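In our numbering, the protein residues as written are 163 to 719.
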């Protein structure tokens, strides 16, 4: 399946420096085992079940009995804010030293046009790393909203020399652009492009919009094409991104704040602070409901927490005409598949494939769905359609399509077709460990072209030295070549990397047997049987174990 999660993350404006911000832990409240404890436990259970509205209600009931519990108050606020409960605002006002509460109130003030209130909440933020980033940005946008661009830009100036300078120069560019200061904005955007260690599509949209609105359409196209290169999900959206390039990314201060919250949320995406990411994305969407990157990123976070229904509802909020709507549809199809609704997922992907006749990604995802459902011939046929959409001279990135079809054909017992696709994938991109390993291992299994197979697997192992499957392949081809001792060394390492893989444990048993270490071989085969191998592999293992006593008797061991 295409990497929709990576595409969603690429839409954010987080820099590598922001990603390094530390998490801020929350202590659980100390609650006496009385009625309040029962409410607290029900709230925790509801929160664990992702029913935040119920959790918020239970926390509020607990608070009525223990109003002085600050930690309980924080939990009630967070659950209320994440589930969009009206009580969240009142609870936030009771937490003057809480970062998330102050950010919530700042967003609330921005929605009502109270920019003095935004500034006050920004100044009330505590001294932590995330607050040190967001405080000057909130203050800058509050100054811009009140017609003070000089003061706004001055707020951002100190941060432009710090470790997260990228986000400060970016917002300086957005404010200068909004104030009509073209030369200043151009300079800031150029700095931002150079400062972001991991350039994102959202950044590319911002730069392209600026270029397109100032008569540089070709430059805008190059910026977007460069951002989409190598990311198939973004390439799917590229035509719409190009068509909408002249639209401003930010039209007012409220939208500027939404961008700041989106960038901050991305910094917590892969940490244990998923609730913080969701809260920041909730604030971004409260300020700007049409902010598609925030919806995509929030859906990604929710899916990772097994909240697929909530993720799907968020994706439904992305308008059909939005440039990123195709990404939402791909993600929605993946959610449908995960929920077991294969028919709807296939229908969504078929419709998207018809609407995007020059793109291969919907067909590639459809093929993956069919293959996982065991419809191997249909998967291969779908990949035929995808490959037919490629130009006469396919780009190097097309190796993935040929590799996918090779796997489908091999599983459908069409080795000749699979081998041809693997060779084509290798020709398009010679340094891809996947095809190198698959083809090399397949040749080793068939006992053909062993020297070439070993060379390919060794190359794959150099590219991914800690991949247990590749190390297993290397040991297996060495065993096929008669190097039992070398095979043992590699296969022992493979089992360390993937100790619960039945096939690798079986291979190690074979290597032990070839090296004359029968007791260890028998142990390894028995271990492999305990790891639930496929039926055919299990039958082979039992046969080896049945033969071992006879061999021992014949040799007198």
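Glycine included, every Cβ here is placed at the ideal spot set by N, Cα and C.
Quick caveat, the model's predicted, so the values are computed rather than measured.
With distances taken from CA atoms, which of 244, 267, 598 is nearest residue 252? 267
Classify residue 333 as buried or exposed, calling it buried when 16 or more other Cβ atoms lie within 10 Å of its own Cβ. buried
Please name the residue in 590, 607, 538 whose C-alpha comes closest to that of residue 571. 538
Once the 5 residues before and after residue 540 are set aside, which same chain residues still bring their CB inside 7 Å of it? 532
Just to confirm the assignment: which complete alpha helix (DSSP H) runs, minimum length 4, are found wholly within the region 501-568? 504-517, 523-534, 538-550
Taking C-beta to C-beta, are residue 602 and residue 622 nearer than 8 Å? yes
Rounded distance between the beta-carbons of residue 301 and residue 271, thought under 8 Å: Not a contact, Cβ separation roughly 13 Å.
Spatially closest choice to residue 507 from 516, 517, 496, 680, by CA coordinates: 496
Which of helix, strand or coil DSSP assigns to residue 414: coil
Locate the alpha helix (DSSP H) running through residue 351, then write down its first and last residues. Looking at the DSSP string, the run of the alpha helix (DSSP H) that includes residue 351 is 344-357.
Whole alpha helix (DSSP H) runs in the region 609-645 with 4 or more residues, listed along the chain? 612-625, 630-642
Same chain only: Cβ atoms within 8 Å of residue 306, ignoring 5 sequence neighbours per side: Counting only Cβ-Cβ distances below 8 Å, and skipping sequence neighbours, we find 314, 337, 340, 341, 415, 418.
Collapsed DSSP secondary structure at residue 393 in the structure displayed: In this structure, residue 393 counts as coil in the three-state DSSP scheme.
Check residue 156 in the structure and name its three-state DSSP category. Beyond the ends of the chain as shown, which are 163 and 719, falls residue 156; an answer cannot be given.
Can you give the Cα-Cα distance for residue 247 and residue 378, rounded to whole angstroms? 45 Å
Could you compute how far the alpha carbon of residue 461 sits from the alpha carbon of residue 503? Looking at the two C-alpha atoms, the distance is approximately 18 Å.
Below 7 Å CB to CB, which residues in the same chain sit around residue 491 once its five sequence neighbours on both sides are set aside? 510, 514
For residue 493, does the three-state DSSP call read helix, strand or coil? helix
Any idea what DSSP makes of residue 330, helix, strand or coil? helix
Please determine if the region 655-671 and the region 630-646 are in contact, where contact requires at least 3 C-beta pairs separated by less than 8 Å. yes
Go ahead and label residue 555 buried or exposed: buried means 16 or more other beta carbons lie within 10 angstroms of its beta carbon, across all protein chains shown. exposed
Beta-carbon contacts of residue 188 that lie in its chain and below 6 Å, excluding the five residues immediately before and after: Only weak support is given to the placement of residue 188: the predicted model assigns it a pLDDT of 44, under 50, and the value that follows is read from those uncertain coordinates. Once the five neighbours on either side are set aside, residue 188 has no close Cβ partner at all.
So, at 7 Å on beta carbons, what are the nonlocal neighbours of residue 544 in its own chain, with the 5 sequence-adjacent residues on each side left out? 525, 528, 529, 532
So, with DSSP's three-state summary, where would you put residue 694? coil
Pick out whichever of 204, 536, 335 has its Cα sitting closest to the Cα of residue 573. 536
Name the residue from 228, 566, 483 whose alpha carbon lies nearest to the alpha carbon of residue 454. 483
Contact defined as beta carbons within less than 8 Å: I believe residue 204 pairs with residue 220. What is the distance between those atoms, to the nearest angstrom? 4 Å
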